[in-house]
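Reading through the structure tokens given below for one structure.
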Amino acid sequence: ILGGRVTRRGAWPWQCSLQSGQSGHVCGCVLIARRWALTVAHCFEGRESADLWKVVLGLNNLDHPGVHSQSRGVRSIIVHPRYNRAVVDYDISVVQLESEVEETAFVRPVCLPQPGQLPSPDSYCYITGWGHMGNRMPFKLQEGEVRIISLSQCQSYFDMKTITPRMLCAGYEAGTVDSCMGDSGGPLVCEEDAGRWTLFGLTSWGSVCFSKVLGPGVYSNVTHFTPWIQQQIYIHTYLTD
Amino acid sequence: CISSCPSVCAAGSATCDPRHNNNNNNCTRCEPISLELCMNLPYNLTSYPNFLGHLSQRESSVSWESSLFPALVQTGCYQYLMFYACTLLVPKCDPVSLQRVPPCRSLCRSAKEKCESVLGIVGLQWPEDSDCSQFPEEGGNATCLLPEAGVEECSPSHFKCRSGRCVLASKRCDGHLDCDDHSDEENCGCSERALWECPGSNVCIKASMICDGIPDCPLLVDEANCSVCRDNELSCNNHQCVHRTLWCDGKKHCSDSSDEWNCVSLSDRSGSVLTVYRTAAEYQVCADEWSHELSELTCNQLGLGVPSSVAMVADQTGVPGRRRWLHVHPEWNLRNGSALQARLEKRSHACHSRRRVSLFCTREECGVRPAVGLFPHRRKR
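These protein sequence lines map, in sequence, to chains B and X.
Okay, so the first sequence: first residue is 2 according to the working numbering, each after it adds one.
Okay, so the second sequence: first residue is 19 according to the working numbering, each after it adds one.
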């Protein structure tokens with residue numbers, strides 16, 4: 002996260018870290034149920050085998066997992082069948098954990114939006130992650146407050162790629178607070194009534210985040226995928242061939 | 019470079035990687051250009067490191083300059099900017115001497131003079147490693163590159179406007195005028211781009227997206243009329259045909275499992291009466307032998323959390339035999355991991371109690387951040 006700050010321990014209990022072998026943290030992820038997490042499809046490019054991955058929850062410091070952290074292997078990875086790596090469209094995947102997590106104050110799922118429920122343009126939401134800070138990679142989880150940007154306004158910022166209805170933009174024209182490399186798959190959450198937080202986006206792509214001149218970040222629009230996510234969980238939980 | 023490279027070096031051995039400090043590190047070789055940005059040059063061999071300090075074409079492809087120059091080309095600041103950029107990114111390799119051929123100083127100066135100020139407007143700097151004095155003057159002893167007739171002004175990832183200006187290929191036919199002469203929005207039919215036009219709209223999709231089970235056109239027309247099933251069959255979402263008796267039996271028969279989607283719902287005015295769609299018809303669930311575990315399974319399967327209240331409601335139709343009933347299977351609890359519809363069965367007799375299941379579910383806790391205890395209370399200062 003660029004322009005963010007260190008989070009308090011356990012402040013974002015749905016944030017998880019998707020880790021692989023020697024590389025350690027590769028992408029962020031988000032807990033949506035005791036056995037299910039979301040991340041983006043591009044994290045698995047070239048390494049789609051579930052055996053390669055583990056999900057770590059309840060983390061604050063990547064280097065010191067601590068007593069509140071929980072680690073789970075990955076049973077299956079479901080990449081959206083329409084994922085297009087060239088335009089980074091349909092950038093979402095569902096991750097089934099080997100076993101249920103234990104729900105604690107430090108590990109809790111976030112709410113999914115209802116079909117059609119979108120954050121209002123110009124409202125403020127939060128992004129979190131262990132991605133690049135512009136000058137270094139952090140050890141401690143970072144958070145940043147970003148403004149939701151309308152689709153049409155976002156389309157005016159980007160020349161290289163098309164902003165599709167499967168995407169959501171948030172941040173600032175000047176790029177002052179933005180997600181960056183290593184934040185991919187992490188959450189964009191907005192506070193709803195009664196202090197409940199809903200997952201509206203997953204960090205997906207953007208311009209060169211270090212430059213701080215080239216517009217907001219682009220997130221996978223979770224609302225668009227809510228029916229697909231529910232369908233995948235249902236199929237993989239209850240159906241046999 | 020030593021006149022002849024050791025064979026290990028010529029074979030592209032890792033020992034010749036310029037990052038390795040060994041005796042072979044002066045050994046250069048020509049390699050075919052693979053950097054897409056520079057595929058239309060009047061030469062096709064390059065050698066590394068390049069004039070920007072990159073050690074490989076892969077490093078060049080993800081470099082800052084590989085993003086910068088194509089963006090700058092669009093401003094039309096200098097006709098041969100892309101050619102100049104490519105002489106830095108993928109320098110020409112002389113196949114005889116195996117030496118890099120630099121751009122001429124005049125080419126470097128023209129590019130810098132005309133385009134540096136444009137970069138300054140957005141607060142960016144001209145690439146540091148491209149100091150023009152390092153390149154030879156044309157006509158001197160050393161060979162250098164100048165744009166010849168026929169040099170393409172645009173990179174392969176750009177569209178060339180009729181006026182000669184380069185705009186990104188993605189801007190072609192995007193509904194916005196990007197070329198000064200509007201030529202980027204001419205001849206934009208789907209067929210010209212080898213795509214399929216959605217009937218009733220000007221949206222273009224790939225042919226492979228027709229009838230693939232995922233709607234892409236407005237009004238879902240790309241998924242219409244895709245299957246012809248028999249009377250005793252129903253169409254899956256991906257247009258396979260599956261016998262209607264297999265629909266919602268708890269096992270997937272459509273390869274996309276759509277025969278098992280939306281089989282269970284809570285309907286009626288109160289939104290609580292359990293309804294199961296089995297063999298293409300709606301059934302009520304007889305409350306005889308219903309259990310709390312089945313209530314939990316139902317709420318969970320519907321993604322609605324946990325049961326908050328369950329009731330056995332008397333059937334009000336008043337006409338015996340009018341209602342279709344499903345009964346709890348005697349061995350329902352042996353079917354671990356199965357959906358509710360797999361644990362129900364049709365029987366010849368009606369429901370003895372004539373009571374149906376009515377269920378309310380409560381969403382499980384989500385989106386709650388830790389209690390205040392973790393955060394200090396706000397104190398006025």
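Cβ coordinates follow ideal geometry from the N, Cα and C atoms, glycine included.
Cβ-Cβ separation, residue j to residue i (assumed contact under 8 angstroms), whole Å
| i | j | result |
| --- | --- | --- |
| residue 12(B) | residue 110(B) | About 15 angstroms; that fails the 8 angstroms criterion. |
| residue 266(X) | residue 281(X) | 4 angstroms |
| residue 128(B) | residue 189(B) | 5 angstroms |
| residue 112(B) | residue 199(B) | 5 angstroms |
| residue 182(B) | residue 132(B) | 6 angstroms |
| residue 128(X) | residue 96(X) | 6 angstroms |
| residue 53(X) | residue 85(X) | About 13 angstroms separates the two Cβ atoms, so there is no contact after all. |
| residue 203(X) | residue 195(X) | 6 angstroms |
| residue 279(X) | residue 232(B) | 6 angstroms |
Residue i, DSSP secondary structure in three states
| i | result |
| --- | --- |
| residue 318(X) | helix |
| residue 66(X) | coil |
| residue 90(B) | strand |
| residue 211(X) | helix |
| residue 104(X) | helix |
| residue 376(X) | strand |
| residue 76(X) | helix |
| residue 13(B) | coil |
| residue 359(X) | helix |
| residue 309(X) | coil |
| residue 56(X) | helix |
| residue 203(X) | helix |
| residue 317(B) | Since the first residue of chain B shown is 2 and the last is 242, residue 317(B) is not available in this structure. |
| residue 116(B) | coil |
| residue 87(X) | helix |
| residue 368(X) | coil |
| residue 352(X) | helix |
| residue 200(B) | strand |
| residue 39(X) | With a pLDDT of only 38 at residue 39(X), under 50, the local geometry of the prediction cannot be trusted, and the value read off the model is given with reservation. Residue 39(X) falls in the coil class under three-state DSSP. |
| residue 131(B) | coil |
| residue 195(X) | coil |
Same chain only: Cβ atoms within 6 angstroms of residue i, ignoring 5 sequence neighbours per side
| i | result |
| --- | --- |
| residue 101(X) | 165, 169 |
| residue 378(X) | 290, 326, 327 |
| residue 207(B) | 218, 219 |
| residue 103(X) | 87 |
| residue 63(B) | 26, 131, 140 |
| residue 158(B) | 216 |
| residue 101(B) | 35, 36 |
| residue 229(X) | 244, 257 |
Beta-carbon gap between residue i and residue j smaller than 8 angstroms
| i | j | result |
| --- | --- | --- |
| residue 67(X) | residue 59(X) | no |
| residue 70(X) | residue 83(X) | yes |
| residue 179(B) | residue 139(B) | no |
| residue 142(B) | residue 60(B) | yes |
| residue 358(X) | residue 312(X) | yes |
| residue 40(B) | residue 203(B) | yes |
| residue 88(X) | residue 175(X) | yes |
| residue 120(B) | residue 201(B) | yes |
| residue 3(B) | residue 191(B) | no |
| residue 192(X) | residue 216(X) | no |
| residue 300(X) | residue 342(X) | yes |
| residue 261(X) | residue 243(X) | no |
| residue 206(X) | residue 214(X) | no |
| residue 99(B) | residue 73(B) | yes |
| residue 385(X) | residue 36(B) | no |
| residue 78(B) | residue 106(B) | no |
| residue 93(B) | residue 126(B) | no |
| residue 122(X) | residue 171(X) | no |
| residue 303(X) | residue 252(X) | no |
Close beta carbons around residue i, own chain, < 8 angstroms, minus the five adjacent residues each side
| i | result |
| --- | --- |
| residue 166(B) | 152, 222, 225 |
| residue 245(B) | It is not possible to answer for residue 245(B), since the shown part of chain B is limited to 2 through 242. |
| residue 63(X) | 48, 49, 50, 51, 110, 111, 113 |
| residue 355(X) | none |
| residue 318(X) | 324 |
| residue 227(B) | 113, 114, 115, 116 |
Sequence-distant residues of its chain with Cβ nearer than 7 angstroms to residue i (five each side left out)
| i | result |
| --- | --- |
| residue 41(X) | Note on residue 41(X): pLDDT 42, under 50, position unreliable in the model; no value is reported. |
| residue 305(X) | 330, 371, 373, 374, 375 |
**Message:** Quick check on the DSSP output: what are the complete beta strand (DSSP E) runs of length 3 or more inside the stretch 106-188 of chain X, in order along the chain?
**Reply:** 176-178, 184-186
**Request:** Please specify which runs of the beta strand (DSSP E), each continuous and at least 3 residues long, are wholly inside the stretch 262-305 of chain X, giving them in chain order.
**Result:** 282-285, 291-296, 299-303
**Message:** Restricting to runs no shorter than 3 residues, where is the beta strand (DSSP E) found entirely within the stretch 142-182 of chain B?
**Reply:** 143-150, 168-171
**Prompt:** Can you list, in chain order, the stretches of the alpha helix (DSSP H) that have 4 or more residues and sit fully within the stretch 23-99 of chain B?
**Reply:** none
**Request:** With a floor of 4 residues, list each alpha helix (DSSP H) that falls wholly inside the stretch 207-241 of chain B, ordered by position along the chain.
**Result:** 223-239
**Request:** Run through the stretch 211-266 of chain X for me and flag every whole beta strand (DSSP E) of 3 or more residues, listed as ranges in chain order.
**Result:** 251-253, 259-261
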